[in-house]
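Residues 4 to 436, numbered by this note's numbering, are exactly what the sequence shown covers, in order. Positions of the beta carbon are idealized from the N, C-alpha and C atoms, including for glycine.
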Amino acid sequence: MRRLDLRQGWFATGGVVALALGLAAGGADDARGERGKPHPQRARNVVLLVGDGLGIGARDAIRLATVGHDGTLAMDQLRYAGWTRTDSADPDEAVTDSAASATAFATGVRTYNGAVGVDADGRPVTSLLEHATALRRSTGLVTTAQVTDATPGAFGAHVADRADQSEIARQLVEESRPDVVLGGGEDWWYPEGDEGAYPDDPDDPRPEVSRSTLGNLVDLAVDNGYTYVSTPQQLTATDARRILGLFANEEMFEQAPEGQGDEYAPVVPLRTMTQKALDVLSEDRDGFFLLVEEEGIDEMAHANNAGLAIRAGQAFDETVALVHDFAAQRRDTLVVVVGDHETGGLAVENLDPDDESGDGASTSPEVLQSGEDGPFDIAGSTLTFTVDWTTSGHTGGATPLTAQGPGAEELARTQHSTDVFATVLAAMRHGRG
4 MRRLDLRQGW
14 FATGGVVALA
24 LGLAAGGADD
34 ARGERGKPHP
44 QRARNVVLLV
54 GDGLGIGARD
64 AIRLATVGHD
74 GTLAMDQLRY
84 AGWTRTDSAD
94 PDEAVTDSAA
104 SATAFATGVR
114 TYNGAVGVDA
124 DGRPVTSLLE
134 HATALRRSTG
144 LVTTAQVTDA
154 TPGAFGAHVA
164 DRADQSEIAR
174 QLVEESRPDV
184 VLGGGEDWWY
194 PEGDEGAYPD
204 DPDDPRPEVS
214 RSTLGNLVDL
224 AVDNGYTYVS
234 TPQQLTATDA
244 RRILGLFANE
254 EMFEQAPEGQ
264 GDEYAPVVPL
274 RTMTQKALDV
284 LSEDRDGFFL
294 LVEEEGIDEM
304 AHANNAGLAI
314 RAGQAFDETV
324 ALVHDFAAQR
334 RDTLVVVVGD
344 HETGGLAVEN
354 LDPDDESGDG
364 ASTSPEVLQS
374 GEDGPFDIAG
384 STLTFTVDWT
394 TSGHTGGATP
404 LTAQGPGAEE
414 LARTQHSTDV
424 FATVLAAMRH
434 GRG
């Protein structure tokens, strides 16, 4: 395979054409058994939901705050459970970043931190979204991050450095061409001086200014058949079958420690974006592949902001509930919920003024004394819990996974994130047997 040319892209090499021909040769066997009956284990639709930074501690904190000790989150109601190891193949760092982790889930290849859709030698590797396209299925990317950020980027682009977000945008609309692309990151689509729908904010702690290095990429998207929307009303009103929606300069929230400009209030909630994607993609009789990412869990954990990490997690779980209800009406839909890595070393603890570990912020005098984060009410009880942080970065802990649908039983084990790719691809192509 040819080494990646960042401006020409992999599709110019004919890689997907070759892939499509190879899959077409076995297409009849993929769809039907030897006697022409539908294969019982083939996943016609796949929805992969990634909670960025969603380790077991965060998942439990979300559970306690939302449904309490005796309740069950939507993400915990899926039939099969396992966990994933997330270590990258980085030569200098032991713990993965989102780009390497997303590339592992998307392509089945371990790579270096910062790599998006390329292997450790910088060569492009085919993603689940591209496999789905070769199988003639519709595809979509939904996120509360920039649509060109590491996780969606790894499914729809191939760049050596995750910072090259304008090139990721170009590849999305000219090469991988997902049918639905919804999220934030407008700044990477408009050149300097062109504010687009969301005004520049150079005074933001992380300046929000238009910065496309490749010209007006929204116009490029429209030229390539996309309908562009930038408001909730436009998203609701459009009946287009190919949609680009950008609803923020950067992420669709403001990540910061408590009381320092933090906010989780996306212009369009993750659940609403996902519903639109399902409405559009489910019109395809051949099926679809959809990636859904909640970025707020990770970013708020980086800021050691447990309150908004939990809120983002609740929004994620509401979205999982939506997808679960969708799949309940369609036995041919595989749903997978997983974290790409753990962030913050989050630990759920009792309120204890004598425990002085952690350095999180809080509004409680007792917790301020200990330096922990909280307290937070446990739903349905008079109890509370606090959150203790060990870092503002990622940790190497495994992440929980739950799944339901064709092939999901294969995920009920300990595995690397690359194995998740293999299981999902097998389920999309032909299932077991």
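Short Cβ contact (7 Å threshold) for aspartate 343 with serine 101: To locate residue 343, count along the sequence shown from 1; it is residue 340. To locate residue 101, count along the sequence shown from 1; it is residue 98. Cβ distance < 7 Å, so aspartate 343 and serine 101 count as in contact.
Chain-order list of residues whose beta-carbon lies under 7 Å from that of tryptophan 191 (same chain, five-residue window excluded): Against the sequence shown, residue 191 aligns to sequence position 188. Cβ neighbours of tryptophan 191 beyond the five flanking positions: Gln149, Thr151, Gln168, Ser169, Ala172, Arg214 and Ser215.
For aspartate 362, which three-state DSSP category applies? For the purposes of this step, residue 362 is taken as the residue at position 359 of the sequence shown. Its pLDDT being 47, under 50, aspartate 362 is placed unreliably by the model, and the measurement read from it follows with that caveat. It is coil, neither helix nor strand.
Among Ala97, Ser130, Ala315 and Pro269, the one whose alpha carbon lies nearest that of valine 112: Your numbering for residue 112 matches position 109 in the sequence shown. Checked all of Ala97, Ser130, Ala315 and Pro269; the closest Cα to valine 112 is Ser130.
Pick out whichever of Gly348, Ala268, Thr230 and Ala411 has its Cα sitting closest to the Cα of leucine 57. Sequence index remark: in the sequence shown, residue 57 carries index 54 (1-based). Cα-wise, what sits closest to leucine 57 is Gly348.
On a CA-only basis, which of Thr136, Gly218 and Asp164 is nearest proline 181? Give me that one, please. The residue you call residue 181 lines up with position 178 of the sequence shown. Ranking Thr136, Gly218 and Asp164 by Cα distance to proline 181 puts Thr136 first.
At least 3 beta-carbon pairs within less than 8 Å: the region 153-163 vs the region 285-302: yes
The beta strand (DSSP E) enclosing histidine 419, as first and last residue numbers: Working through the sequence shown from its first residue, we reach residue 419 at position 416. Its beta strand (DSSP E) spans residues 417-419.
Specify the secondary structure class of tryptophan 392 as computed by DSSP and reduced to three states. Here residue 392 is taken as the residue at index 389 of the sequence shown, counted from 1. Looking at tryptophan 392 - three-state DSSP - the assignment turns out to be coil, as it is neither helix nor strand.
Quick check for students: name the residue ranges of the alpha helix (DSSP H) that lie wholly in the region 73-150, counting only runs of 4 or more. 101-110 and 131-137
Nearest by alpha-carbon distance to leucine 386: which of Arg47, Leu51, Gly71 and Val49 is it? Within the sequence shown, the letter at position 383 stands for residue 386. Leucine 386 has its Cα closest to that of Gly71, out of Arg47, Leu51, Gly71 and Val49.
Indicate the three-state DSSP secondary structure (helix, strand or coil) for valine 212 in the structure shown. Stepping through the sequence shown from its first residue, residue 212 is reached at position 209. The answer is coil: DSSP assigns valine 212 none of H, G, I, E or B.
Contiguous alpha helix (DSSP H) assignments of at least 4 residues, all confined to the region 231-293: Counting only runs of 4 or more, we get 235-240 and 273-284.
Which of the three DSSP states, helix, strand or coil, is assigned to aspartate 356? In the sequence shown, residue 356 corresponds to position 353, counting from 1. Before going further, note that residue 356 is proline rather than aspartate in the sequence given. Proline 356: coil per DSSP, three-state reduction.
From the DSSP output, read off the bridge partner residues of proline 403. Here residue 403 corresponds to residue number 400 of the sequence shown, with the count starting at 1. In DSSP, proline 403 forms a bridge with Trp86.
Below 8 Å on the Cβ atoms is my guess for leucine 337 versus glycine 408; work out the distance and round it to an integer in Å. Taking the sequence shown and counting its residues from 1, the one referred to as residue 337 is at position 334. Taking the sequence shown and counting its residues from 1, the one referred to as residue 408 is at position 405. Correct: roughly 4 Å between the Cβ atoms.
Any non-hydrogen atom of the ligand FAD closer than 6 Å to serine 395 Cβ: The ligand FAD is not part of this structure, which contains no ligands at all.
State the Cα-Cα distance for the pair alanine 103 and aspartate 301, rounded to the nearest angstrom. Reading the sequence shown from its first residue, position 100 is the one you call residue 103. Reading the sequence shown from its first residue, position 298 is the one you call residue 301. Their Cα atoms are separated by approximately 15 Å.
Look at the Cβ atom of proline 438, then the Cβ atom of arginine 62, and state whether they are nearer than 7 Å. The first residue shown for the chain is 4 and the last is 436, placing residue 438 beyond what the model contains.
With 16 other Cβ atoms within 10 Å as the buried cut-off, status of glutamine 236: Residue 236 sits at position 233 when you count from the first residue of the sequence shown. Glutamine 236 should be labelled exposed.
Could you tell me whether the Cβ atoms of glutamate 211 and glycine 199 are closer together than 7 Å? Within the sequence shown, numbered from 1, the residue matching residue 211 stands at position 208. Within the sequence shown, numbered from 1, the residue matching residue 199 stands at position 196. Between glutamate 211 and glycine 199, the gap from beta carbon to beta carbon reaches 7 Å or more.
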